[in-house]
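Quick note, the sequence shown lines up with residues 636 to 923 if you use our numbering. Every residue gets a Cβ at the ideal spot worked out from N, C-alpha and C, and that includes glycine. To start, the structure itself, in structure tokens.
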Amino acid sequence: MNIIDQKMIGLDGPVTQRVITIAVAPPINGTYTIRWNMMIGRQIDLYGGAVNDGYGAKPFPAPYGGQGPNKPMDLVTPQSWVQLYALVTYNYWPVQSKLVSFEVRNPNGEVFAKLTAITNGSGIATVGFRMPWPCENPESLFGVWKVIATVSIADVVVIDTMEFHYDYMVRLWKVTTDKYEYTHDDQVTITITYGTHAMQSYPVLIIAVIKDDLGVPIGMATFTDTVGGAEFCTYKNSTISLTITIPKWAYAGVATIHVNAFDKEPADGGFAWCPEYTPPPKILILPR
């Protein structure tokens, strides 16, 4: 703060009470501490994190872990390990050796798990579980999951809730080509629209492959980037274009476009973030 000018006035005495100017000392630098109202009482803060195929953290850094009252947590990917934490305090001071209850509900509102843990010396209780992936229709479990944490502090129960999305890291929404018919040595432009529920950044490698009429891969194009930056409950979408030239030796006829999203090259230990885009778009390679 820059003080441009300063003046002080007062009264010359209790009887006359005439307004007078008071001499002011030159300003000096200093620190003044203002105390706030610390009496917030009983509190519980539920937050968490997920391994997410080795790219996550336990817990996610704030604010992505749901830190704060009723705040959401970042995306959880299929079969990931989820770790939940609850910080229990009274007037900001940790409450130790308290039994905390956790309840996890799936997108249909059905109870998935009920767990308990005791707070440590820092007032934190923690439990963990792995996300389900059943044999039949596992994607039916995708959506918004809800966690509830409760604790009784001196006969008063306090509660915090947290939601998170369970989904593939990447969704391939749309794949199109610039036209349908091509001749040999033509360039195919493939436009890919994809999205994510992730708030934090994760690597993505998008690969497009063309297979000719006899199923021979005749060309491949790749794109490396990161996904993330989504708002909770809203996909963050992006669109890219890749080009592949049809070689002279490609078999004429109907060819198909196959698009996948990986974290990195499979040869480097990479894996697919989501299933291949279906149905694969078709193009026609003319016999000329």
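### Query
So, helix, strand or coil for alanine 890, using DSSP?
Here alanine 890 sits in strand by DSSP.
### Task
Go to methionine 855, then tell me how far its beta strand (DSSP E) extends in each direction, as first and last residue.
852-862
### Task
Would you check if the stretch 810-829 and the stretch 703-718 touch, i.e. whether three or more CB-CB distances between them fall below 8 Å?
no
### Task
Just confirm the distance between the C-beta atoms of valine 723 and proline 729, as a whole number of angstroms; I'd bet it's less than 8 Å.
Right, their Cβ atoms sit about 7 Å apart.
### Query
Relative to the alpha-carbon of serine 732, which residue among Gln702, Lys846, Val792 and Gly758 has its alpha-carbon at the smallest distance?
Gly758
### Task
Indicate whether leucine 807 and isoleucine 827 have their beta-carbon atoms separated by less than 8 Å.
yes
### Simplified DSSP assignment, three categories, for asparagine 687
helix
#### Entry: Bridge-paired residues (DSSP) for serine 876
Thr826
### Task
State the DSSP-derived secondary structure class of proline 914, mapped to helix, strand or coil.
coil
### Stretch-stretch touch, CB-based, cutoff 8 Å, three pairs: the stretch 875-892 with the stretch 777-784
no
### Three-state class that DSSP yields for proline 767 in the structure shown
Here DSSP, grouped into helix, strand and coil, assigns proline 767 to coil.
#### Entry: Three-state secondary structure (DSSP) of serine 775
helix
### Query
Within this structure, are the beta carbons of alanine 887 and alanine 896 separated by less than 8 Å?
no
### Task
Tell me, please, whether the CB atom of glycine 830 is closer than 8 Å to any CB atom in chain C?
Although the question refers to chain C, the structure presented lacks it and comprises just one protein chain.
### Query
Cβ atoms of tyrosine 803 and serine 873: under 8 Å apart, would you say?
no
### Query
Would you say alanine 721 and isoleucine 679 are within 8 Å of each other, going by their C-beta atoms?
When the beta-carbon positions are compared, alanine 721 and isoleucine 679 come within less than 8 Å of each other.
### Query
Would the beta-carbon of isoleucine 879 fall within 8 Å of that of glycine 854?
yes
### Query
Distance, Cα to Cα, cysteine 909 vs aspartate 688?
13 Å
#### Entry: Host beta strand (DSSP E) of alanine 748 (start-end)
Counting along the chain, the beta strand (DSSP E) containing alanine 748 begins and ends at 746-753.
### Message
Spatial neighbours of histidine 819 within its chain, please: C-beta separation below 6 Å, excluding the five flanking residues on both sides.
### Response
Excluding residues within five positions, the ones whose Cβ falls inside 6 Å are Ile881 and Lys883.
### Distance, glycine 683 Cα to tyrosine 725 Cα
21 Å
### Task
Report yes or no: do three or more beta-carbon pairs, one from the stretch 684-704 and one from the stretch 743-760, lie closer than 8 Å?
The answer is no - the stretch 743-760 does not touch the stretch 684-704, with fewer than three Cβ pairs under 8 Å.
### Query
Does the ligand NAP have even one heavy atom less than 7 Å from the beta-carbon of isoleucine 794?
Of the ligands one can find in the structure shown there are none, so the ligand NAP has no counterpart to examine.
### Task
For isoleucine 845, write down the residues that DSSP places opposite it in a beta bridge.
Gly854 and Ile892
### Task
Please list, in chain order, all residues of the same chain as proline 704 whose beta carbon is under 8 Å from its beta carbon, the five residues on each side excluded.
Excluding sequence neighbours, proline 704 sits near Asp680 and Asp795.
### Query
Nearest to valine 823 by alpha carbon, out of Ala833, Pro838, Met834 and Ala843?
Ala843
### Query
Alpha carbon to alpha carbon, how far is alanine 890 from cysteine 770?
When the Cα atoms are used, alanine 890 and cysteine 770 turn out to be separated by approximately 32 Å.
### valine 739 versus asparagine 772 - alpha carbon distance
20 Å
#### Entry: glutamate 866 beta carbon less than 8 Å from that of histidine 925
Here the chain has residues from 636 to 923 only, and residue 925 is not among them.
### Query
Rounded to a whole number of angstroms, what is the C-alpha to C-alpha distance between alanine 784 and leucine 849?
57 Å
### Message
For isoleucine 788 and arginine 677, I'd like the C-alpha separation in whole angstroms.
### Response
7 Å
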